[in-house]
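In what follows, a single structure is set out as structure tokens and then discussed.
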Amino acid sequence: LFLQFTAPYRGEGWENSETKLVMERAVEAGIEKIILVDTRIFDLSLIEGGIIGEGKRFQTEDELDDFIRSCIQDYRHQEGFYGVQLRDEPFHPYLKTVGQLFRSIRRVDDSIFVHCNLNPLHGPALPYRICPHGENLVDTYEKYLSTFLEETGANHLMMDTYPFHRSPDKARIGRYYFGGLECVARVCKRYGVEMHIVMQSFA
Numbered sequence: 406l407f408l409q410f411t412a413p414y415r416g417e418g419w420e421n422s423e424t425k426l427v428m429e430r431a432v433e434a435g436i437e438k439i440i441l442v443d444t445r446i447f448d449l450s451l452i453e454g455g456i457i458g459e460g461k462r463f464q465t466e467d468e469l470d471d472f473i474r475s476c477i478q479d480y481r482h483q484e485g486f487y488g489v490q491l492r493d494e495p496f497h498p499y500l501k502t503v504g505q506l507f508r509s510i511r512r513v514d515d516s517i518f519v520h521c522n523l524n525p526l527h528g529p530a531l532p533y534r535i536c537p538h539g540e541n542l543v544d545t546y547e548k549y550l551s552t553f554l555e556e557t558g559a560n561h562l563m564m565d566t567y568p569f570h571r572s573p574d575k576a577r578i579g580r581y582y583f584g585g586l587e588c589v590a591r592v593c594k595r596y597g598v599e600m601h602i603v604m605q606s607f608a
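406 is the number of the first residue of the sequence shown in my numbering; add one for each residue after it.
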């Protein structure tokens, strides 16, 4: 179950929280894995350029780890808890922060799944917002994926894509869909990590 902002947790007190209630009902219904949004962690992933160091929110990794530990202590042993969500489809400026959060959560409890869904391969304009250092469309996208893995140390890459489209006169598969899959597969093979794809549809 992917809670997103249906029932986020804001640190308001676990026992009487809506998040806990939703999780308990989900478990009763037979759902075994639940990914939640802890807004205290999620909001940090909206910051560009990292959150550790001089002039940043946290001075050291230990300080960030203490913060993460204090956040997850409320729900880390709740039945059904599987992971936490970071920002969706981060562009290049956010990958340093995402990496620092990813590594901190893993240091505190490496059984927690960290959900961070990356951008798919799009048309010519978007990749240069994703990662400004590539030589062409494919190279730019693969550098974006590689940067994520190097910053996070993750054992998987996850991206979402909308392969199926429909216009008034025809249905079609997205122009960059297969090229995007090839890019992700190449990078996953290069780094020895799993390939996770979230497929969605407009039609």
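Virtual Cβ for every residue (Gly too), placed ideally from N, Cα, C.
This structure is a prediction, so every number in the text was calculated from the model and none was measured.
A contact between stretches requires three or more CB pairs, one per stretch, nearer than 8 Å, and the region 557–569 meets this requirement with the region 592–603. Under the three-state reduction of DSSP output, Ile457 falls in the strand class. The shortest C-alpha to C-alpha distance from Ile439 to any of Gln409, Leu451 and Leu449 is the one to Gln409. In terms of Cβ geometry, His520 and Gln490 form a close pair [threshold 7 Å]. Counting C-beta pairs closer than 8 Å gives three or more between the region 539–552 and the region 584–595, which meets the contact rule.
Counting C-beta pairs closer than 8 Å gives fewer than three between the region 495–508 and the region 418–436, which falls short of the contact rule.
For Thr411, there is no enclosing beta strand (DSSP E), as DSSP marks it with neither H nor E. Taking C-beta separations shorter than 6 Å and ignoring five residues to either side along the sequence, the partners of Arg577 in its chain run His570, following chain order. Taken in chain order, the unbroken stretches of alpha helix (DSSP H) that lie wholly in the region 425–456 and span 4 residues or more are 444–447. Measuring C-alpha to C-alpha distances from Leu469 to each of Val513, Ile535, Glu417 and Pro573 identifies Val513 as the nearest.
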